[in-house]
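Below is one structure, written out as structure tokens; comments come after it.
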Amino acid sequence: MRPVAHALAILAILGAGAATAQAPTPPARKLKIYISVDMEGVAGVVTSDQLGPDGFEYERFRRFVTNEALAAVRAAKESGATEIVVGDSHGNGENLLIDEFPKDVRIIRSWPRHGGMLGGIDRSFDAVLFIGCHASTTSMRGVRAHTFSSGHFTRVALNGDAVTEGEFYASLAGELGVPMVFASGDDAALEQLRSRLGGIETAETKKALGFHSAETLTPEASCERIAAGVKAALKRLGEFKPLAIRTPVTLEVSFKNYTPAEMLSYLRTVQRVDSHTIRFVGKDMAEISDFVDFLDGYGPDLVP
């Protein structure tokens, strides 16, 4: 090769190398996931002994529910999640062992909070996952079946249809354009969710035998099933659509006792439709969610 041609060839190679080095790297796709964690649907849970600080098994089951949440977190990360928020959504909202979570995970704790079990959710999220789901208060089969309050409510309905907590919050997320794509819990809870939400991915942690009994997986087996379900859900994320609900939204709540329905009817925005039931119409699910949180959480003796 002639000296001039050789020099030109070297310059061409160097130029190509420089162009390659300077080419911008396309930004990684962001995938933001909200994981809401309840406790009644966790493997092994059957009574109040596992569900609150006064229960003799509660401290052990705090670890079990934490491990189920961690299984979902790890599976989401392995599926490409770049940002994860976990909502501690059972009881006092202080159940998860937060020091067990990766340092880049953020955790929502305690109450009250706008959005309830999805406190902090907004349109920036790509998907919602639910851990530890239970059936609705109208279910005759589910373990610890209730909707929001096992002590006060006998039915919670949106636009005339009784709902589970899962469907309620799928509607709240759906209004923001965020689909609910995965749920774990007992077979009764998952049957209810699939009947209303279609083909979401699920992980059955136990089979309900009664309100306080179940045939359950071990905690380890439950975590494995949850991880597989989360990965399956996020693999087909593009197939899911946010749950759409007609607005304005009509909420009906039936109470175990007469007095709450009577007293709430003193509010001009609330209609008493029978001895135990009130109706409230909200402009959207955010307003409905706040109203339900008020019903479930307010008492004149609240402190501080």
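Every position in the sequence shown, counted from 1, becomes a number in my numbering once 930 is added. The C-beta atom is built at its ideal place from N, Cα and C for all residues, glycine as well.
- Annotated three-state conformation of Lys1033 is coil, per DSSP.
- The residue from Phe1185, Ser1219 and Asp1214 with its alpha-carbon nearest to that of Val1203 is Phe1185.
- Comparing C-alpha distances from Gly1159 to each of Ala1057, Leu1173, Ala1002 and Arg993 shows the shortest one belongs to Ala1002.
- For the options Val1016, Thr1177, Ala1138 and Phe986, the alpha carbon positioned closest to that of Gly1049 is the one of Val1016.
- Where Lys1136 is concerned, there is no enclosing alpha helix (DSSP H), although the beta strand (DSSP E) around it starts and stops at Glu1131 to Gly1140.
- In chain order, Ser978 and Asp979 place their CB closer than 6 angstroms to the CB of Gly985, counting only its own chain and leaving out the 5 sequence neighbours on each side.
- Contact between Ser1009 and Lys1165 holds: CB atoms are separated by about 7 angstroms, below the 8 angstroms threshold.
- Distance from the CA of Thr1189 to the CA of Thr1207, rounded to the nearest whole angstrom, comes to 10 angstroms.
- Taking C-beta atoms under 8 angstroms as the contact rule, Val1058 and Asn1025 fail to qualify, at a distance of about 19 angstroms.
- The beta carbon of Tyr1099 sits closer than 6 angstroms to the beta carbons of Met1047 and Leu1048 from its chain, once the five residues preceding and following it are set aside; these are given in chain order.
- From the listed residues Leu1173, Pro1042, Leu1027 and Ser1019, the smallest Cα separation to His1064 is found for Ser1019.
- With a threshold of 16 other beta carbon atoms within 10 Å, Tyr964 meets it and is buried.
- Apart from the 5 residues on each side of it in sequence, Arg1039 sits with its Cβ closer than 7 angstroms to the Cβ of Asp1018, Gly1023 and Glu1024 in its chain, given in chain order.
- Closest by C-alpha distance to His1076, out of Val1183, Met1193, Ala1216 and Asp1214, is Val1183.
- Rounded to whole angstroms, Ser966 and Glu1192 show a C-alpha spacing of 33 angstroms.
- In the three-state DSSP reduction, Lys1186 falls in the coil class, being neither helix nor strand.
- When secondary structure is reduced to three states using DSSP, Ser978 falls in the helix class.
- Ala1216 and Arg1004 do not touch by the CB rule: their CB atoms are close to 31 angstroms apart, not below 8 angstroms.
- In this structure, Ala1162 lies away from Val1073, with their beta-carbon atoms at least 8 angstroms apart.
- If you compare the alpha carbons of Arg1053, Phe1221, Ala1151 and Ser1195 with that of Leu1181, the shortest gap goes to Phe1221.
- The C-beta of Lys1136 has 16 or more other C-beta atoms within 10 Å across all chains shown, which makes the residue buried.
- Closest in C-alpha terms to Leu1147, from the list Glu998, Val1035, Val1200 and Lys960, comes Glu998.
- Within the stretch 1042-1115, the alpha helix (DSSP H) runs of at least 4 residues that lie entirely inside it are, in chain order, 1095-1105.
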